[in-house]
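Protein chains in written order, with this note's numbering: chain W, 342 to 892; chain B, 590 to 688. To start, the structure itself, in structure tokens.
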Amino acid sequence: MYRYDEFDHAFVAQRVNQFREQTARRLSGALSEDEFKPHRLMNGLYLQLHAYMLRVAIPYGTLSSRQMRKLAHIARAYDRGYGHFTTRQNIQYNWPALKDVPDILMELAKVEMHAIQTSGNCIRNVTADPFAGVAADEIEDPRIYAEIIRQWSSLHPEFSFLPRKFKIAVTGAAEDRAAIAFHDIGLQLVRADDGAVGFAVLVGGGQGRTPMIAKTIRPFLPKAHLLSYLEAILRVYNLLGRRDNLFKARIKILVHEVGTEAFTAMVEEEWAHLAGGPVELPEGELERIVAYFRPPAYERLPADSPALDVQVRADPAFAAWVRANLVAHKQPGYAIVNLSLKAEGEPPGDATAEQMDAVANLADRYSLGEIRVTHEQNLVLPNVKAGELYALWQSLVPLGLATANIGHVTDIIACPGLDYCSLANARSIPIAQAITRRFNDLARIHDLAELRIKISGCINACGHHHVGHIGILGVDKKGEEFYQITLGGDATQTAAIGSIIGPAFSSDQVVDAVEILVNTYVGVRAPGERFLDTYRRLGAAPFKESLYAAH
Amino acid sequence: MADQVLTANRLSDGKVVFFDPDGGWSERIARARVVAKADGKALIAEAASSTGEVVDPYLIDVDSVAEAEPAGPVPSPVPRRYRERIRAFGPSIHPQFAK
């Protein structure tokens, strides 16, 4: 893992001290809310419906057990005993008091964490494939480049007042687990015919009220030019992105309005001035960062574990979990283990302080001390020996962290919605909870194959409804909560934006509607087809028919 | 016609508060000072001297105690918009945090 150097420590400590002073001046009345608000937002502190909300950055979703323990401690000491893991691989606390926030930031700094650039019109926390560094299908560890981008973009003076927020995601694998097509910039490590490794550069993706799939503006960028090319894109955006209309300010609108070709030409022209210049990584810097992400000391193990085979045969519940929650590891004899934060009836992404502490302990015991946060709002133990999976699973069951539903109907992304968020029009979490209660039979869940449901409480789409196989968007209709359903969205390398199926449903009807859609799929699917495949083959007609025929 | 109460978030901890008859800010809407809609602006003026303790005060429409369905153990004005009901009574998903 990356460790702070003296520069990192100094600048984070300086920010904590500055914020302590700003907070004291606000509490004394010396600063008005209008004067203070930009300062608190620059430190990730929002004012939401019920309280302040602190968003803490988890760079590229990687946590040490020590950091996870600190997050648990903060939940317990300063909040209400839980935290919420988000679709940006961050954690949010829903109840901190303003007067405590400087102390919380100081505690975070002790474990090399902060809340800088988790809000505002700047380059936000860089996200990555949650299986970075361990995935069997990976070209290189994308966190190396995410960390380089983090350092380049932190307090970057030219890009701290962009037209709008800016999100970058990096993946090192062909299978896109980081939703790169729905970011302002998506970077994918690719190998050229001559064996050289570089980036495919995608620009202008996003969700919100105008969902767009990112366009590839450069199929291959040599790694050495990463920063100069990013700088060129950001410069074009900073100059031409709209500042007169909040809803048209993201780079996706610029790329859409000028066209991919013209936008690409502008970036290339800007880049011609920057390539090879001072912004490029200095000699030795890449090697310095690479060293932090060297693989841990794995044991040499056989690829197969006869003990695991016996345990799988003997315990059907364990077998179901192995089938649903494990991912192939690049190191023989190891597995990547997903811990579902989507237990029946629980708010998606929430973890209690006790669960966080337990995960930290299990990471130390079974996963070389490392934890990941996924944009699907789950946790990952990335380095578990096959022979220890059964013992790990037995520890996870009583913690409520062993639900065998990864990628299935109950593994739902949901934004905080109107239960917490001051922007929301409708609640999201109760709909997710109701769906997990409706689909509470594991055999049925697994029979439904991969099925991604995503729920947003407003058009800002923090719950990624546009890319749900089934997307649910909460709307306000004359003071009542209604839910619009979209079908066919896809956040992966086969990216697609879902289409609205028809009139919205009331909160009483929406779970029934989801079940009708799911049953329709079961009735018409071809062997081996996922919900998304069936939808792509047959279109909306059979789903529309069964949803609205009775109305 | 609806009545109104004045609500805000408390500066020090962000909690939802309501302007009360003693000129302070209470965490419970049951303690809120309820005025006729026509008197809403006067209520804002009256609260002006104590708005330093809160952030962004604004008026909300409520059904007063007599008209409203009882929402909790204590008789209370009930906001008309469900957003404000969630603010006043706590997140619907956490009964343990209900107010």
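For each residue, glycine too, the CB sits at the ideal point set by N, CA and C.
{"Check": "8 angstroms CB neighbourhood of residue 681 (chain B) in its chain, flanking five on each side removed", "Outcome": "675"}
{"Check": "Nearest to residue 811 (chain W) (by Cα), restricted to the options W:782, W:770, W:754 and W:759", "Outcome": "W:754"}
{"Check": "Rounded straight-line distance, which links the Cα of residue 674 (chain W) to that of residue 435 (chain W)", "Outcome": "40 angstroms"}
{"Check": "Under 8 angstroms (Cβ pairs) to chain B, residues found in the stretch 773-784 of chain W", "Outcome": "774"}
{"Check": "Nearest to residue 818 (chain W) (by Cα), restricted to the options W:829, W:844, W:795 and W:804", "Outcome": "W:844"}
{"Check": "Opening and closing residue of the alpha helix (DSSP H) in which residue 348 (chain W) lies", "Outcome": "347-369"}
{"Check": "At least three beta-carbon pairs within less than 8 angstroms, the stretch 612-632 of chain B to the stretch 641-651 of chain B", "Outcome": "yes"}
{"Check": "8 angstroms Cβ cutoff met for residue 814 (chain W) and residue 876 (chain W)", "Outcome": "no"}
{"Check": "Where residue 645 (chain B) meets chain W, residues with beta-carbon distance less than 9 angstroms", "Outcome": "374 and 388"}
{"Check": "Span separating the alpha-carbon of residue 390 (chain W) from that of residue 665 (chain B)", "Outcome": "20 angstroms"}
{"Check": "Where the beta strand (DSSP E) through residue 589 (chain W) begins and ends", "Outcome": "No beta strand (DSSP E) holds residue 589 (chain W); DSSP gives it neither H nor E."}
{"Check": "Straight-line gap, residue 410 (chain W) to residue 692 (chain W) (C-alpha atoms, nearest Å)", "Outcome": "12 angstroms"}
{"Check": "Euclidean distance between Cα positions of residue 574 (chain W) and residue 608 (chain W)", "Outcome": "5 angstroms"}
{"Check": "C-beta contact flag for residue 517 (chain W) and residue 834 (chain W) at 8 angstroms", "Outcome": "yes"}
{"Check": "Cutoff 8 angstroms: residue 361 (chain W) Cβ touching any chain B Cβ", "Outcome": "no"}
{"Check": "Which listed residue (W:884, W:725 and W:890) has its alpha carbon closest to that of residue 646 (chain W)", "Outcome": "W:725"}
{"Check": "Span of the beta strand (DSSP E) around residue 408 (chain W)", "Outcome": "Residue 408 (chain W) -> not in any beta strand (DSSP E); alpha helix (DSSP H) instead, spanning 406-419."}
{"Check": "Where residue 391 (chain W) sits in the DSSP three-state scheme", "Outcome": "coil"}
{"Check": "Same chain, Cβ closer than 6 angstroms to residue 383 (chain W), five either side skipped, listed in chain order", "Outcome": "461"}
{"Check": "Interface positions of the stretch 615-635 of chain B facing chain W (Cβ-Cβ less than 7 angstroms), listed along the chain", "Outcome": "none"}
{"Check": "Any alpha helix (DSSP H) of 4 or more consecutive residues that is wholly inside the stretch 564-633 of chain W", "Outcome": "567-581, 592-599, 601-615 and 626-633"}
{"Check": "Chain B within 8 angstroms of residue 575 (chain W), Cβ atoms only", "Outcome": "no"}
{"Check": "Nearest to residue 360 (chain W) (by Cα), restricted to the options W:379, W:803, W:589 and W:350", "Outcome": "W:379"}
{"Check": "Residue 874 (chain W) versus residue 859 (chain W): straight-line alpha-carbon distance, rounded", "Outcome": "13 angstroms"}
{"Check": "Proximal residues, the stretch 814-837 of chain W versus chain B, C-beta separation under 9 angstroms", "Outcome": "817, 820, 821 and 822"}
{"Check": "Proximal residues of chain B, C-beta to C-beta of residue 664 (chain W) below 8 angstroms", "Outcome": "Going along chain B, no residue has its Cβ under 8 angstroms from residue 664 (chain W), so there is no contact; the nearest lies around 30 angstroms."}
{"Check": "For residue 662 (chain W), the three-state DSSP class (helix, strand or coil)", "Outcome": "helix"}
{"Check": "Neighbour list for residue 770 (chain W) in chain B, Cβ cutoff strictly below 7 angstroms", "Outcome": "682"}
{"Check": "Opposing strand residues paired with residue 553 (chain W) [DSSP bridges]", "Outcome": "W:547"}
{"Check": "Rounded straight-line distance, which links the Cα of residue 553 (chain W) to that of residue 878 (chain W)", "Outcome": "23 angstroms"}
{"Check": "Cβ pair residue 622 (chain B), residue 594 (chain B) closer than 8 angstroms", "Outcome": "yes"}
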